[in-house]
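To keep things clear, I will list the structure first and then write my remarks on it.
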Amino acid sequence: MLAMLAFAGNSILCRLALKETSIDPASFTGLRLLSGALALWLIVRLRRPNSAGSGNWISAFALFAYAAAFSVAYVKLTAATGALLLFGAVQISMIGYGISRGERLRLLQWLGLGLATIGLLVLLLPGLSAPPLDAALMMLLSGVAWGVYSVRGRGAGDATRVTAGNFMRALPFAALFVALSWQSTPLDTLGAVYAMVSGALASGAGYALWYAVLPLLATSNAATVQLSVPVITALGGVMLLSERLTFSLTLASITLLCGIAMVILNNQRTS
Numbered sequence: 001m002l003a004m005l006a007f008a009g010n011s012i013l014c015r016l017a018l019k020e021t022s023i024d025p026a027s028f029t030g031l032r033l034l035s036g037a038l039a040l041w042l043i044v045r046l047r048r049p050n051s052a053g054s055g056n057w058i059s060a061f062a063l064f065a066y067a068a069a070f071s072v073a074y075v076k077l078t079a080a081t082g083a084l085l086l087f088g089a090v091q092i093s094m095i096g097y098g099i100s101r102g103e104r105l106r107l108l109q110w111l112g113l114g115l116a117t118i119g120l121l122v123l124l125l126p127g128l129s130a131p132p133l134d135a136a137l138m139m140l141l142s143g144v145a146w147g148v149y150s151v152r153g154r155g156a157g158d159a160t161r162v163t164a165g166n167f168m169r170a171l172p173f174a175a176l177f178v179a180l181s182w183q184s185t186p187l188d189t190l191g192a193v194y195a196m197v198s199g200a201l202a203s204g205a206g207y208a209l210w211y212a213v214l215p216l217l218a219t220s221n222a223a224t225v226q227l228s229v230p231v232i233t234a235l236g237g238v239m240l241l242s243e244r245l246t247f248s249l250t251l252a253s254i255t256l257l258c259g260i261a262m263v264i265l266n267n268q269r270t271s
C-alpha cells in the first residue's frame with residue numbers, strides 16, 4: 001500500500017508543483033532525478049553494498065525520457081488523467097512487447113487488450129472534457145518510455161541497485177534538458193521542495209520499498225495491485241488539487257483498468 005501511494009504521489013506532487021508554483025518542467029525533472037539518485041544510492045549502500053547490477057545508458061535514457069515527458073505533460077493534464085494515460089501506455093506497451101516476442105494471448109486476453117485500448121480512445125475523444133492532445137501524447141510517450149525501461153530491467157540484477165545506477169546515468173541527460181530550457185527567473189522554493197520529495201520519497205524510497213516487497217507477493221497480486229495507482233491518484237487529485245471527476249474519465253478508467261486486469265489475470269492462469 002505504501003509503495004502504491006508513493007507511485008501515485010509522483011503524479012500528485014508533479015501536478016501540484018506545476019499548477020501551484022512557478023517551477024518549470026525541466027527543473028522539476030532535474031531535481032526529481034537528482035534527489036532520487038541520491039536517495040537510491042544511500043539505500044543501496046545501507047542495504048546491499050555488494051549486490052550485482054549497475055544499470056546502463058540505454059535504460060538511463062529511457063528513464064530520463066519518462067521523467068521529462070511526464071513533467072511536460074503535467075503542465076496541462078489533471079493528476080487523474082495523466083496517471084491513467086501513463087498507466088495505460090505502460091501496460092499496453094509491455095503487453096505489446098510480449099506479443100511481438102511470441103507470447104500468445106487467449107481470447108479473453110485479446111478482448112481485454114481491446115477493452116483497454118477503447119478506454120484510452122474514450123479518454124482522448126474530442127469533447128469538453130478531453131485533455132489537450134499535445135499533453136496527452138506527451139504522457140503516452142512517457143508511458144512507453146517507462147514500459148521500455150521496465151522491459152529492459154527484467155533480470156538485470158538487484159533491482160534497487162540497477163535503478164540507482166540508471167538514476168545516476170540519467171543525470172547528464174537531465175542537466176542538458178535544464179540547460180536547454182534555462183529560464184532567468186529564480187527557482188521556486190516550494191516547487192523545488194515538491195520535486196525533491198517526488199524524487200527522494202515517491203521515486204527513490206517508493207521503488208526501493210516496492211522491490212523489497214515484490215518477492216513476497218504472488219505474481220498475480222504484484223501485477224494487479226498496480227491497478228490501484230490511477231484510482232489513488234484520482235482520489236488524491238480530488239482531495240488535494242480540487243480536480244473534478246468527469247463522466248468520460250470515470251468511464252475510461254473503468255474500461256481501461258478492467259481490460260488490463262483481464263489480460264494480466266488470464267496470463268497468470270495460463271502460466
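Under UniProt numbering, think of the first position of the sequence shown as 1, with each following residue one higher.
Cβ coordinates follow ideal geometry from the N, Cα and C atoms, glycine included.
C-alpha gap between residue i and residue j, whole angstroms
i           : j      : result
residue 273 : Ala62  : The chain is shown only over 1 to 271; residue 273 falls outside these bounds and no answer can be derived.
Asn166      : Leu5   : 23 Å
Met94       : Thr185 : 40 Å
Gly236      : Ile12  : 7 Å
Phe87       : Thr246 : 18 Å
Val197      : Leu107 : 43 Å
Glu20       : Leu240 : 11 Å
Gly191      : Phe7   : 19 Å
Ser71       : Leu16  : 11 Å
Gly162      : Ile58  : One point to set straight first is that residue 162 is Val, not Gly, in the sequence displayed. Cα to Cα, Val162 sits roughly 12 Å from Ile58.
Leu38       : Leu171 : 11 Å
Leu115      : Val225 : 19 Å
Burial state of residue i (16 or more Cβ within 10 Å)
i      : result
Phe28  : buried
Ile232 : buried
Thr189 : exposed
Phe173 : buried
Met1   : exposed
Thr250 : exposed
Glu243 : buried
Trp210 : buried
Leu34  : buried
Ser100 : exposed
Gln183 : exposed
Ile92  : buried
Ile264 : buried
Ala179 : exposed
At a cut of 8 Å, does the region 18-27 reach the region 132-142 through at least three beta carbon pairs? By the criterion of at least three beta-carbon pairs nearer than 8 Å, the region 18-27 is not in contact with the region 132-142.
At what residue ranges does the UniProt domain "EamA" (1-124) contain a whole run of the alpha helix (DSSP H), taking only runs of 4 or more? 2-20, 25-47, 57-73, 79-100, 107-124
Could you tell me which uninterrupted alpha helix (DSSP H) segments, each at least 4 residues in length, are contained entirely in the UniProt domain "EamA" (136-264), listed from first to last along the chain? 159-180, 189-197, 206-213, 219-224, 228-241
Spell out a yes or no on whether the region 65-77 and the region 135-154 are touching, meaning 3 or more CB-CB pairs, one atom from each, closer than 8 Å. The region 65-77 is in contact with the region 135-154.
Sufficient close CB pairs (3 or more, under 8 Å) joining the region 34-43 to the region 102-121: no
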